[in-house]
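Since the structure comes first, as structure tokens, the remarks are kept for the end.
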Amino acid sequence: MSSGQFLRLEYVTPSKSQLDGRQGVLGAAAFAGGAPVRGGDEAGFPLARVHTPVLGAASEMLEVWRAGERAQPGAHGRVRYARGGDLLFGSLAVQEARLTSPSGSGPHAPLEIATDLAYRDMYAALAAVGNPQLVRVWNYIPDINLDTHGLERYRQFNTARHEASLSSGRAVTGRVPAASALGAASGSPLTIYFLASRRAPAFIENPRQVSAYRYPSQYGPRSPAFSRATVLGEGSEATLFISGTASIVGHRTLHAGDPAAQTRETLVNIEALLEEAARRSAIEALRLETLAFKVYVRDPKDLPVIRAELESAVGRGAALLYLKADICRRDLAVEIEAVGGGGWRHNGSG
Ligand code: 3EB
8 MSSGQFLRLE YVTPSKSQLD GRQGVLGAAA FAGGAPVRGG DEAGFPLARV HTPVLGAASE
68 MLEVWRAGER AQPGAHGRVR YARGGDLLFG SLAVQEARLT SPSGSGPHAP LEIATDLAYR
128 DMYAALAAVG NPQLVRVWNY IPDINLDTHG LERYRQFNTA RHEASLSSGR AVTGRVPAAS
188 ALGAASGSPL TIYFLASRRA PAFIENPRQV SAYRYPSQYG PRSPAFSRAT VLGEGSEATL
248 FISGTASIVG HRTLHAGDPA AQTRETLVNI EALLEEAARR SAIEALRLET LAFKVYVRDP
308 KDLPVIRAEL ESAVGRGAAL LYLKADICRR DLAVEIEAVG GGGWRHNGSG
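Going by the working numbering, the sequence shown opens with residue 8, and the numbers climb by one from there.
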């Protein structure tokens, strides 16, 4: 991104974002529990409405992505998107209740059908507009830990993501985007938003962990197709996207039942990714306290211990957004994603 283009992330309350205007907004995600979030269609940019409660003072928070260039909105299939320079932000939602199972081969469970439709639409949109490189995907899956049709819904999602990616000519190992996959309120739509680029990112794995796309089949019939992190751009302009990261070493969950220890192990994993990203891509070594973090907490009663561990490790510079969400393994109490580098400027310098 030598064109002077930038990408910036901020976590703001809806009122704060109105004050700041819509200048350069590429897209946003609104996080709120309970009733559906108001507005959005009039926003003039793609807005993902994610049905996860905010843990903290505000009942609703926005994750806002801005680009240094005027964003051009568009739509393709179910996808609403905006493009700015090399970058694209897109969002889509699929309501499972409206879907009927087709007969014959292909996906059967409603979530598999929804995931198949969503991923095919996403890839078709990227191909149509010429920003084909998927860099970062956020997936919010209602009732993620529920068993239906003989399989946990997160595993259904993985199966359909894998199959839709293959049939769209996309990788399912190696050159796969950074991602998060979390629960959302029962009955809410499958909600996905993503960042893509004309340029390929660097794909980063964590030396402490088995690549998710190589997980053994005990975690489901199809492995999750995501990289541990991606890096877009170079040097001080580069952005690091750290996938949802948990207390997993090798492929096993550690510290089940101990949310404080899970938080510490997760931070060790994130620090390993910071090192590995600096070693394997054109990004400088980043410090934990310069990142922006989104923290998913399964049980709000664990928030005080998780927050204490995190805030003692990351200091005052970091941005932190806490959400209540189920995590894709039942023995995980916490999962943390992060953004660093040019995409997130701490201490108000962005
Ligand atoms: C893990 O490390 C935790 O399925 O897209 C983290 C990030 C996790 C992304 C995904 C799942 C996903 O396996 C779960």
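Quick reminder that beta carbons are idealized off the backbone N, C-alpha and C, glycines included.
Extent of the continuous alpha helix (DSSP H) to which HIS169 belongs: The residue you call residue 169 lines up with position 162 of the sequence shown. Looking at the DSSP string, the run of the alpha helix (DSSP H) that includes HIS169 is 160-174.
Looking at the unbroken beta strand (DSSP E) that takes in ASN146, where does it start and where does it end? Taking the first residue of the sequence shown as 1, we reach residue 146 at position 139. First-last of the beta strand (DSSP E) with ASN146: 140-149.
How many angstroms separate the CA atom of GLY240 from the CA atom of ARG127? Position 233 of the sequence shown holds residue 240. Position 120 of the sequence shown holds residue 127. Rounded to whole angstroms, GLY240 and ARG127 show a C-alpha spacing of 27 Å.
Span of the beta strand (DSSP E) around PRO214: As a position in the sequence shown, residue 214 is number 207, starting the count at 1. Taken as a continuous stretch (DSSP letters only), PRO214 belongs to no beta strand (DSSP E), as it is neither H nor E.
CA-to-CA distance, ARG271 to PHE300, given in whole angstroms: If you number the sequence shown from 1, residue 300 lands on position 293. If you number the sequence shown from 1, residue 271 lands on position 264. Rounded to whole angstroms, PHE300 and ARG271 show a C-alpha spacing of 14 Å.
Determine the closest residue to LEU327 out of LEU173, VAL304, GLY113 and LEU202, with distance taken between C-alpha atoms. Position 320 of the sequence shown holds residue 327. Residue nearest to LEU327 within the set LEU173, VAL304, GLY113 and LEU202 is VAL304 (criterion: CA-CA distance).
Can the beta-carbon of ILE151 be found closer than 7 Å to that of ASP333? Locating residue 151 in the sequence shown gives position 144, counting from the first residue. Locating residue 333 in the sequence shown gives position 326, counting from the first residue. Less than 7 Å separates the beta-carbon of ILE151 from that of ASP333.
Would the beta-carbon of GLY190 be found less than 6 Å away from any heavy atom of ligand 1? If you number the sequence shown from 1, residue 190 lands on position 183. No, ligand 1 has no heavy atom inside 6 Å of this Cβ.
Work out the CA separation of ARG85 and GLY349 for me, nearest whole Å. Position 342 of the sequence shown, counted from the first residue, corresponds to residue 349. Position 78 of the sequence shown, counted from the first residue, corresponds to residue 85. Spanning the two alpha carbons is a distance of roughly 30 Å.
Between the beta-carbon of VAL179 and the beta-carbon of PHE248, is there less than 7 Å? As a position in the sequence shown, residue 179 is number 172, starting the count at 1. As a position in the sequence shown, residue 248 is number 241, starting the count at 1. No; because the gap between Cβ atoms is not below 7 Å, this pair is not in contact.
Spatial neighbours of HIS169 within its chain, please: CB distance less than 8 Å, with the 5 preceding and 5 following residues excluded, ordered by chain position. Along the sequence shown, read from residue 1 onward, the residue named residue 169 stands at position 162. The beta carbon of HIS169 sits closer than 8 Å to those of VAL179, ARG229, SER230 and ALA232, all from its chain and outside the five residues before and after it, given in chain order.
When the Cα of ASP309 is compared with those of LEU189, ARG287, LEU339 and ILE290, which residue comes out closest? Walking along the sequence shown from the start, residue 309 turns up at place 302. Proximity to ASP309 across LEU189, ARG287, LEU339 and ILE290 peaks at LEU339, based on C-alpha coordinates.
Do the stretch 52-63 and the stretch 182-198 make contact, defined as three or more Cβ pairs closer than 8 Å? Contact between the stretch 52-63 and the stretch 182-198 is present, with at least three C-beta pairs closer than 8 Å.
Closest residue to SER174 among THR198, ALA185 and LEU124 (Cα-Cα distance): If you number the sequence shown from 1, residue 174 lands on position 167. Checking every option, the nearest Cα to that of SER174 belongs to LEU124.
Between HIS156 and SER224, what straight-line distance do the alpha-carbon atoms span, to the nearest angstrom? The sequence position of residue 156 within the sequence shown is 149, counting from 1. The sequence position of residue 224 within the sequence shown is 217, counting from 1. Rounded to the nearest whole angstrom, the CA to CA distance from HIS156 to SER224 is 18 Å.
Going by DSSP, what residues sit across from LYS331 in a beta bridge? Mapped onto the sequence shown, residue 331 falls at position 324. In the DSSP assignment, LYS331 forms a beta bridge with VAL304.
Can we count SER250 as close to ligand 1, meaning its CB is less than 6 Å from some heavy atom? Position 243 of the sequence shown holds residue 250. SER250 Cβ: within cutoff of ligand 1.
Could you tell me whether the Cβ atoms of ALA284 and ALA236 are closer together than 7 Å? The residue you call residue 284 lines up with position 277 of the sequence shown. The residue you call residue 236 lines up with position 229 of the sequence shown. In this structure, ALA284 lies near ALA236, with their beta-carbon atoms less than 7 Å apart.
Among HIS258, PHE210, TYR220 and GLU212, the one whose alpha carbon lies nearest that of THR166: Your numbering for residue 166 matches position 159 in the sequence shown. If we check each option's Cα against that of THR166, TYR220 comes out closest.
Once the 5 residues before and after GLU282 are set aside, which same chain residues still bring their CB inside 8 Å of it? In the sequence shown, counting from the first residue as 1, residue 282 sits at position 275. Cβ contact annotation for GLU282 (same chain, cutoff 8 Å, sequence separation greater than five): ALA292, in chain order.
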